[in-house]
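Heads up, the thing below is written out as structure tokens.
Residue numbers (this note's numbering): 93 to 503.
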């Protein structure tokens with residue numbers, strides 16, 4: 093393989109530099125037009141990553157990956173100590189003053205912070221002060237993503253480290269059920285579901301952090317624009333006296349997505365929408381009593397069991413299927429298919445991965461495997477649909493790893 097000092101990057105470096113230059117030009121052009129094209133930004137990031145990888149000796153690349161674990165855990169430790177919140181949003185704070193605010197030893201805080209400084213997350217000023225960077229500010233302030241970060245690391249790191257032992261015990265097949273997941277196995281309670289494990293020790297397992305994390309990520313996910321529901325409004329206008337359910341939101345949670353859909357789709361009456369979820373979720377939904385959702389029918393259901401609303405025009409399930417393995421997803425879809433009329437449509441909203449996937453998508457898929465879930469390609473959704481008695485009618489695919497829409501009809 094040769095020594096690191098004698099390493100000479102190959103011809104791929106020149107190719108990557110050329111691609112990066114073009115990607116940056118495209119990015120600047122799109123910015124000048126008033127809106128940055130996400131495809132150009134993604135291409136620039138991909139090209140920059142390729143340049144870095146071309147410059148590294150394979151051993152350096154391996155060591156960077158290894159030391160990345162240290163950076164991740166130092167970030168988690170610094171966050172748990174409250175370090176990010178005590179650094180001023182503008183200016184800097186001395187290590188000694190920061191240590192006093194955190195009721196910690198100066199030497200300890202400096203050593204942990206140095207890992208973050210060395211990796212560009214924080215910056216050191218005048219030798220004895222530390223300050224935020226744009227990257228670190230996401231961990232501080234009212235819109236902090238720190239709860240999401242803490243939740244994700246507390247859930248996934250134990251499970252990821254347990255994967256070799258997990259597959260040694262259960263065999264070399266992907267997890268397929270809600271119990272005996274890598275996460276519950278890592279915590280010594282394989283017979284329980286992920287949520288059962290978390291509820292047994294909510295403080296240790298970060299349930300509250302998890303709820304805040306889900307809220308933070310949900311706000312980042314588009315609720316409309318992935319699928320055009322205007323045709324549903326036209327159907328409503330064509331027969332205004334009909335009592336047929338127009339939209340059944342399966343796994344509706346707070347009803348926020350149906351609310352956004354109706355508000356952005358003139359003529360789609362809330363009175364012909366149905367919000368379904370588990371009894372405890374529906375109870376909270378009714379308690380909230382959102383005036384916009386007041387006319388919607390709220391229904392306690394379990395989407396693993398019979399669908400009580402028969403023959404609705406549209407059944408809608410958003411960001412639920414990735415929580416489950418293939419067999420359970422087929423059952424969920426079959427339950428809906430059995431309730432569909434010949435002209436009914438099922439709209440699945442999920443993040444769809446490419447083949448091969450982008451790095452973030454591949455990582456999230458592995459995280460979902462820890463919980464017994466799975467991210468899927470278009471072909472993967474096609475296989476699920478076929479086994480459930482459905483077929484894909486069309487796909488609205490988002491570039492990268494954004495939310496996409498899969499429209500299914502009865503086969």
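Glycine included, every Cβ here is placed at the ideal spot set by N, Cα and C.
Since this is a predicted model, take the numbers as computed values, not measurements.
Strand pairing of residue i, partner residues [DSSP]
i	result
residue 391	368
residue 341	367, 408
residue 97	Residue 97 pairs with nothing; no bridge assigned.
residue 216	222
residue 424	Answer is none; residue 424 lacks a bridge partner.
residue 254	Paired residue(s): none; residue 254 is not in a bridge.
residue 240	Bridge partners of residue 240: none, in fact.
Where residue i falls: helix, strand or coil (DSSP)
i	result
residue 547	Only positions 93 to 503 of the chain appear in this structure, which leaves residue 547 out of reach.
residue 407	strand
residue 414	helix
residue 135	helix
residue 466	coil
residue 192	helix
residue 127	coil
residue 429	helix
residue 442	strand
residue 211	coil
residue 495	strand
residue 456	helix
residue 483	strand
residue 179	coil
residue 199	helix
Sub-7 Å separation of residue i and residue j beta-carbons
i	j	result
residue 483	residue 503	yes
residue 115	residue 139	yes
residue 168	residue 245	yes
residue 171	residue 238	yes
residue 467	residue 414	yes
residue 392	residue 340	no
residue 390	residue 367	yes
residue 227	residue 208	no
Alpha-carbon spacing of residue i relative to residue j, whole angstroms
i	j	result
residue 354	residue 370	22 Å
residue 313	residue 439	17 Å
residue 197	residue 232	22 Å
residue 459	residue 236	22 Å
residue 376	residue 200	44 Å
residue 406	residue 395	15 Å
residue 450	residue 204	31 Å
residue 417	residue 452	20 Å
residue 476	residue 177	45 Å
residue 496	residue 202	44 Å
residue 110	residue 329	54 Å
residue 423	residue 481	10 Å
residue 464	residue 271	8 Å
residue 261	residue 278	12 Å
residue 218	residue 210	15 Å
Heavy atom of the ligand MN within 6 Å of residue i beta-carbon
i	result
residue 468	In the structure on display, the ligand MN does not appear, and there are no ligands present to speak of.
Anticipated Cβ contact below 8 Å, residue i with residue j, distance rounded
i	j	result
residue 350	residue 322	Not really, about 15 Å apart at Cβ, beyond 8 Å.
residue 119	residue 141	Residue 119 to residue 141, Cβ: 15 Å. No contact.
residue 274	residue 255	6 Å
residue 229	residue 181	7 Å
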